[in-house]
Amino acid sequence: MVLMFCVIPVSVQAQTAYMKKMNISWDLKPDRKVKFQSYWAGIGYKDGLVTLKDYKITDAEEGYRHLTFTVVFENSKEGFRPSEVHDLLQSDIWEKYEDTGGYYNVTLVDYTTGRCLENTSNGKDVTVEISDAVQTGEKKYKDSDGCSLVCYKKTTWKAAVTYPKDYKGLCIVVGGANKNVFDSDFDYDGYYAGDVKFGKSVFYSMINKKVAHALRVG
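Converting from the sequence shown to the numbering used here requires adding 33 to each position, the first position being numbered 1.
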């Protein structure tokens with residue numbers, strides 16, 4: 034009897050690509066409006082719209098490229114029904130945290146490791162700058178009791194990224210947050226420090242693919 038061992042070559046990238054295994058919608062494209070979902074207190078997941086705009090890659094200093102883009106979030110046209118305003122403001126989550134949820138997210142993630150690139154010690158020689166959010170179009174929604182919820186129609190971030198020309202792991206991820214956003218044990222700092230991978234962050238859902246939408250920078 035002869036026992037034979039066959040070795041089938043598998044690329045390192047395929048073996049270790051953390052983000053490839055995530056429950057993410059890889060449908061983010063420049064100038065394409067994408068529907069995403071984020072979790073709201075007392076309501077659950079609601080739709081929103083996000084658009085990647087002004088996407089541009091140029092040569093930077095020798096050996097590097099420079100990526101700039103703008104991300105625009107919009108509330109759904111339906112807004113909030115009076116019953117939804119009531120359910121949110123009467124929810125246990127609101128009473129405990131005074132937090133509405135419905136968060137938006139823009140982040141840069143390494144495709145292979147799933148770790149945030151927005152810290153200076155990311156190990157990939159990538160520099161990321163994301164502006165403060167600009168919110169416009171304030172709108173008030175009311176329930177039948179006269180309670181009100183104030184939201185903004187549009188939220189905009191601008192980003193600039195410098196990365197090595199031979200770096201192939203740059204991913205833009207946008208979208209909402211899962212219901213664990215209300216968990217006081219969630220470690221925001223750990224994700225942004227690169228200690229917590231994207232799949233363990235509040236910006237990812239194992240069961241709702243509509244929370245996170247991504248683009249792998251070519």
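The C-beta atom is built at its ideal place from N, Cα and C for all residues, glycine as well.
Here the stretch 76-90 makes no contact with the stretch 167-186; the two share fewer than three CB pairs at distances below 8 Å. If you draw a straight line from the Cα of aspartate 228 to the Cα of glutamate 128, it comes to about 31 Å. Exposure of lysine 68 is indicated by the presence of fewer than 16 other C-beta atoms within 10 angstroms of its C-beta. Under the 10 Å beta carbon count, methionine 239 is surrounded by fewer than 16 other beta carbons and is classified as exposed. Its chain contains Thr101 and Glu162 as the residues whose beta carbon lies nearer than 6 Å to that of alanine 193, once the 5 sequence neighbours on both sides are disregarded; these appear in chain order. DSSP links aspartate 92 through a beta bridge to Arg98. Boundaries of the beta strand (DSSP E) harbouring leucine 248: 245-249, taken from the DSSP string. For the pair phenylalanine 113 and tyrosine 130, the Cα-to-Cα distance works out to about 20 Å. Here aspartate 60 is exposed: its Cβ has fewer than 16 other Cβ atoms, across all protein chains shown, within 10 Å. In this structure, DSSP gives leucine 141 an extended state, which the three-state scheme calls strand. One thing to note: glycine 147 has its Cβ within 8 Å of the Cβ of methionine 52. DSSP, reduced to helix, strand and coil, places leucine 82 within a strand of the structure shown.
Bridge partners of phenylalanine 231 according to DSSP: none are assigned. As a beta-bridge residue in DSSP terms, threonine 195 pairs with His99 and Thr160.
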